[in-house]
Amino acid sequence: MADELKLSLLENAEDFLREAVKYAKASSPRDWKYAALHLWSALELLLKALLETEHWSLLFEDINKASKKKLREGDFQTVRFDTALERINGIVGISIGERDLRYLRQLRDLRNRITHSAVKLNVEQAKSVVARGISVFLTLQQEHLHEKHKALEYEVNQALQDFQKYVDARLRDLKAELEQADRPHRWFRTCSSCTQETLISRDDVAACLFCGQEVAFKDLAHYHSEGPAGPCPDCEEGVLAFVLLNNDEGRFVCPKCGFETDESHNKECGRCGKEYWDEDGSPMCDDCWSEIMRKDD
Numbered sequence: 191m192a193d194e195l196k197l198s199l200l201e202n203a204e205d206f207l208r209e210a211v212k213y214a215k216a217s218s219p220r221d222w223k224y225a226a227l228h229l230w231s232a233l234e235l236l237l238k239a240l241l242e243t244e245h246w247s248l249l250f251e252d253i254n255k256a257s258k259k260k261l262r263e264g265d266f267q268t269v270r271f272d273t274a275l276e277r278i279n280g281i282v283g284i285s286i287g288e289r290d291l292r293y294l295r296q297l298r299d300l301r302n303r304i305t306h307s308a309v310k311l312n313v314e315q316a317k318s319v320v321a322r323g324i325s326v327f328l329t330l331q332q333e334h335l336h337e338k339h340k341a342l343e344y345e346v347n348q349a350l351q352d353f354q355k356y357v358d359a360r361l362r363d364l365k366a367e368l369e370q371a372d373r374p375h376r377w378f379r380t381c382s383s384c385t386q387e388t389l390i391s392r393d394d395v396a397a398c399l400f401c402g403q404e405v406a407f408k409d410l411a412h413y414h415s416e417g418p419a420g421p422c423p424d425c426e427e428g429v430l431a432f433v434l435l436n437n438d439e440g441r442f443v444c445p446k447c448g449f450e451t452d453e454s455h456n457k458e459c460g461r462c463g464k465e466y467w468d469e470d471g472s473p474m475c476d477d478c479w480s481e482i483m484r485k486d487d
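Position 22 (the sequence shown) corresponds to 212 in the numbering used here; numbering is contiguous.
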């Protein structure tokens, strides 16, 4: 009989996690790329294992096409990432924290960049991402699948401690600079690349001291909120972001200068189409008024 490898979803997830740790320990830039890829596969399989605990049909993207025959043969479109998250929350009843959800989406996007285009992945960013990913994996596995494999846990925790020591040492080195720097609003200080709360304000961008990533304030608003909501009335470079505080309430916040308001007065200028802040009922923006006044002169 030919050799055969047979693993459950959870066992396959754990196998990919071990591979991620192995590549991370090798620690070359190329190895970090494969560590991130294997880590994503581990977490994606773990999400499917969570769905399987509720019912095997949840592994199908289209539940109406679910069948045991297709499942055995692997002849079906497996559940997509976003669909899996919706089902884990809505059907299985597991609530994954917002910070972990942001991390999972960020890792998914990194995986897509690595496999479909040119990629830039520095070691600082990779160590932070891998440390975060291992922590998310172990938490989901232990809290919701009630699985604790001592050999895996020891091996992975050793790696996690090594990475976390590096992260902690780096954060200690940055502490004084972070305290002295201009910072974005407290809700907008997490870097989308390395997940560390190390963003500072530099001119027209937010810059991460941990990994060096720079991001426009408009993109920062996209990452941390329901999206941009027009220019900030208090600063030139800022943009308002609408942040949900709960299911019913939210606030408009400028990531750059910290301006906050319960109501946005941004509207589109009827003359030039540019968005502007209007609390007085003006029909057009200040630039258009100035242009009209110059023509009258």
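Even for Gly, the Cβ is constructed at its ideal location relative to N, Cα and C. No experiment lies behind these values; they were computed from the predicted model shown.
Check	Outcome
Any 3 or more C-beta pairs closer than 8 angstroms across the segment 312-325 and the segment 198-218	yes
Residue span of the alpha helix (DSSP H) that contains Lys415, given as start and end	Reading the sequence as shown, one finds Ser at residue 415 and not Lys. Where Ser415 is concerned, there is no enclosing alpha helix (DSSP H), given that its DSSP letter is neither H nor E.
Buried or exposed (CB count within 10 angstroms, at least 16 for buried), Met191	The predicted position of Met191 is uncertain, since its pLDDT is 46 and thus under 50; no value can be drawn from it.
Spatial distance of Val346 from Cys422 (CA atoms)	45 angstroms
Buried/exposed call for Thr388, threshold 16 Cβ in 10 Å	buried
Lys408, DSSP secondary structure in three states	helix
Whole-Å CB distance - Leu430 paired with Phe442, under 8 angstroms assumed	5 angstroms
Sequence-distant residues of its chain with Cβ nearer than 6 angstroms to Asp193 (five each side left out)	none
Beta-ladder partner(s) of Gly323, from DSSP	Per DSSP, none; premise fails for Gly323.
Alpha helix (DSSP H) segments (min. 4 residues) lying fully within the segment 241-296	258-263 and 271-277
For Ser231, three-class secondary structure by DSSP	helix
Nearest-angstrom Cα separation, counted from Asp272 out to Lys238	12 angstroms
Enclosing beta strand (DSSP E) for Glu465 [first to last residue]	Glu465 to Trp467
Rounded separation between Ser480 and Arg303 - CA only	46 angstroms
Straight-line Cα distance separating Lys223 from Thr243	31 angstroms
Contacting residues, own chain, Cβ-Cβ under 6 angstroms from Pro473 (five flanking each side not counted)	Gly460
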